[in-house]
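So in our numbering, spot 323 of the sequence shown is number 564, and the numbers just go up one at a time. No residue lacks a Cβ here, since even glycine has one placed at the ideal position from N, Cα and C.
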Amino acid sequence: PLQTSDGQVIRRFSRLGMTQLRYRVAGFLHHASRIAADTSFSTQAAACLLMAAAVELPTQHHRLFSAAPSAQRLSEQASTAPAPSTSGTNAASTSTAPSTLLHGKRSIKDFNQKHYGYYYEVTAKRVPEASRELYQSFYSPREAGPWQHPGGCTAFQREQQVSKRPAVMYRSGIRDLIRIVDWHHQAGQGHRLLVKGPTGSGKSMALLSLVDWARSQGCLVMYVPSATALTSGGYFTLDPGTRKYDTLISAQHMLKGIADAHGAQLSALKLSSGSGTLMDLVKQGLSTDSNARLAVDSCLRLKQELVLSSGSGSQRVLFVIDDYNALHWSTGYGRTDDAGQRVALSVKDLNLASGMRLLKENDTQKAVVVAAETCSRGISPLAPVDKQLTALFQMHRYTEVETAHALYWYYECGRAPTPPSRDQVHHLQAVTAGNANEVREAAVNLTMLRMRRL
């Protein structure tokens, strides 16, 4: 299937396919050892079963750069999308290139491995926490620009700013993450997962896609797009009872986000003690701007009520926290001591931030917790986590194929004057090492150059 007149392409993508295969085999052996512990299969037998079900040959890597796209495959994958023009043998456009134009209106729950590299839209109605508008509603209006109050998923906002569309690329890492969460929900088992990866590997976008998928399946999700919002910014007041501090704005952000996304579901769930529903609890926390303790207590109790709901089996529950290592780092808050010196507060001094350290909680019942580290905010990575409580998931940067899809996507959005060539894709992959942030920033400039050598 890799036969072509260009022998260099064969060698290049054969190496790429083998590298990805080695990563997959390592992952299969890890999961196979866990399966073997609970079944009569040996580790080797379980690994063979997993590989037979999930290994994908690297033929798709060659198809991406086919000079003549298959009309039949194009009609199967994009019956309403026009075929891209491929002038010359150096064009990177293929039958999979016009993906965003077709699948922008489809849900992520309809996707599978055939749609890797396709873009799809994430609506603010389903994931309101990702957009900045939700957080601006708590402040006086400001004109659009960098001086607006921050909030939401910054990676998603930067992507939207460039492409002018709320779209995310569907990747194999996203699908693997979804399958892990879905398996534990179907099995009725709680699970804690930490997503790791270098800067620009797409951890934030993967969590956003996970939230979008889970809510499309009826799962109740508490989503924190950046844990740094719990440790800096906004007001904080001392709670005389605990001698800790309450952060009003961050608590209300969480309450409003989950209320906008799950209003009907929260209204249908009763409190475990006392009268009322979970929606009544949310409204109580949002009822006043002068009682930080009420807002934080409502947020933490809501978290506990969701855990109890998952344990009873009445509701599938997912907690998603991005920039999780911020909950184990310094904060932006401080107090003045008796000597008049400013003393920085630790996360342990903040009721809400310390209460959201869910990877360390002993009992989350049947709820699934997914958190991701940040490597781009000057925050130290987490110390080695307890592997008995938390599993690790490695997110990788763009492959050369995904870089090509991203470049073609920016061309479709009008951000690049011409479709990317094979050489441009190869050069950009070498320069950026698959860093999605750098690919996005360099996409326009790269396609304006006629690069032949680095």
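For the alpha helix (DSSP H) holding residue i, just list the boundary residues, first then last.
i	result
Ser398	Checking the sequence, you will find Gln at residue 398 rather than Ser. Its alpha helix (DSSP H) spans residues 395 to 404.
Met410	Careful: Met410 lies outside any alpha helix (DSSP H), inside the beta strand (DSSP E) at 408 to 410.
Ile698	Since the first and last residues shown for the chain are 242 and 695, residue 698 lies out of range.
Arg456	444 to 457
Arg534	533 to 553
Gly596	592 to 596
Gln635	No alpha helix (DSSP H) contains Gln635, which is instead part of the beta strand (DSSP E) from 632 to 635.
Val523	519 to 526
Going by beta carbon distance, what residues of the same chain come within less than 6 Å of residue i, once the five residues before and after it are set aside?
i	result
Ser328	Residue placement at Ser328 is poorly supported in this model, since its pLDDT is 32, which falls under 50; the coordinates still yield a value, given next. Answer for Ser328: no residue qualifies.
Ser467	Asp563, Asp564
Ile620	Asn566, Ala567, Trp570
Ala312	Note that Ala312 scores 27 on pLDDT, short of 50, meaning its location in the model is unreliable; the coordinates nonetheless yield the value given after this. Counting only Cβ-Cβ distances below 6 Å, and skipping sequence neighbours, we find nothing.
Ala293	Note on Ala293: pLDDT 48, under 50, position unreliable in the model; no value is reported.
Val465	Ile562
Asp480	Asp487, Arg534
Ala647	Val680
Phe634	Leu434, Val436
Arg576	Val584
Gln606	Gly431, Val548, Ser551, Gly552
Thr469	Asp564, Ala567
What's the gap between the Cα of residue i and the Cα of residue j?
i	j	result
Asp564	Glu614	5 Å
Lys589	Leu600	15 Å
Gln545	Asp578	34 Å
Val250	Arg663	A caution first: Val250 carries a pLDDT of 39, below 50, which makes its placement in the model unreliable, though a value can still be read off. The straight-line gap from Cα to Cα measures roughly 10 Å.
Ala492	Lys405	30 Å
Ala671	Met410	20 Å
Ser490	Gly474	With the sequence shown as reference, residue 490 is identified as Ile, and Ser is not the correct amino acid for it. Those two C-alpha atoms are separated by around 8 Å.
Leu510	Ser531	27 Å
Ser698	Pro660	Outside the displayed span of the chain (242 to 695) sits residue 698, for which this structure offers no information.
Arg484	Pro407	42 Å
Arg367	Gly581	47 Å
Phe397	Ser445	8 Å
Ala585	Arg416	41 Å
Gln389	Glu400	Low confidence applies here, because Gln389 scores a pLDDT of 49, under 50, leaving its location unreliable and the question unanswered by this model.
Ser516	Ser348	37 Å
His503	Ala365	13 Å
Pro369	Val363	10 Å
Thr518	Tyr574	33 Å
Arg542	Leu512	10 Å
Gly443	Ala632	19 Å
His426	Thr673	37 Å
Closest to residue i by C-alpha separation, out of the options, would be which residue?
i	options	result
Ala608	Gln430, Leu535, Met446	Gln430
Leu527	Leu510, Asp501, Lys511, Arg416	Asp501
Tyr652	Asn676, Phe352, Arg681, Ala632	Arg681
Met495	Ser372, Ser445, Gly438	Ser372
Lys497	Tyr574, Tyr360, Pro625, Asp521	Asp521
Ala428	His646, Leu633, Gly552	Gly552
Gly675	Pro658, Gly441, Thr572	Gly441
Val626	Thr518, Leu434, Glu643	Leu434
Leu507	Val363, Gln556, Ala470	Gln556
Met636	Gly414, Cys394, Glu370	Gly414
Gln525	Leu623, Cys540, Thr673	Cys540
Arg598	Asn678, Lys437, Phe560, Ser550	Phe560
Tyr361	Thr395, His432, Ala447	Ala447
Asp538	Gly443, Asn592, Tyr357	Asn592
Phe352	Arg412, Cys394, Glu370, Pro369	Arg412
Ala677	Glu643, His667, Gln665	Glu643
Glu602	Pro622, Leu630, Ala612	Leu630
Val226	Cys654, Ala645, Tyr476	In this structure the chain extends from 242 to 695, so residue 226 is not present and cannot be described.
Phe477	Thr572, His668, Tyr359	Thr572
Between residue i and the rest of its own chain, which residues show a CB-CB distance below 7 Å, the 5 nearest in sequence each way excluded?
i	result
Leu547	Leu461, Met463, Val558, Ala608
Pro439	Cys616, Arg638
Ala505	none
Cys654	Ser404, Lys405, Arg406
Span of the beta strand (DSSP E) holding residue i?
i	result
Thr659	Taken as a continuous stretch (DSSP letters only), Thr659 belongs to no beta strand (DSSP E), as it is neither H nor E.
Leu237	There is simply no residue 237 to check, as the chain begins at 242 and stops at 695 in what is shown.
Asp487	485 to 488
Lys437	432 to 437
Val363	No beta strand (DSSP E) holds Val363; DSSP gives it neither H nor E.
Ala371	Unbroken run through Ala371: none, as it is neither H nor E.
Leu559	558 to 562
Asp480	477 to 480
Gly575	575 to 577
Ala585	583 to 585
To which residues of the same chain is residue i closer than 8 Å at the C-beta, ignoring the five residues directly before and after it?
i	result
Lys350	Trp454, Ser457, Gln458
Arg656	Val403, Ser404, Ala684, Val685
Ser595	Lys485, Leu568, Val588, Lys589
Leu471	Val465, Thr488, Ser491, Ala567, Leu568, Leu591, Leu593, Ala594, Met597
Cβ pair count under 8 Å reaching 3, the stretch 450 to 461 against the stretch 412 to 423: As far as the Cβ criterion goes, the stretch 450 to 461 touches the stretch 412 to 423, which means the pair count is three or higher.
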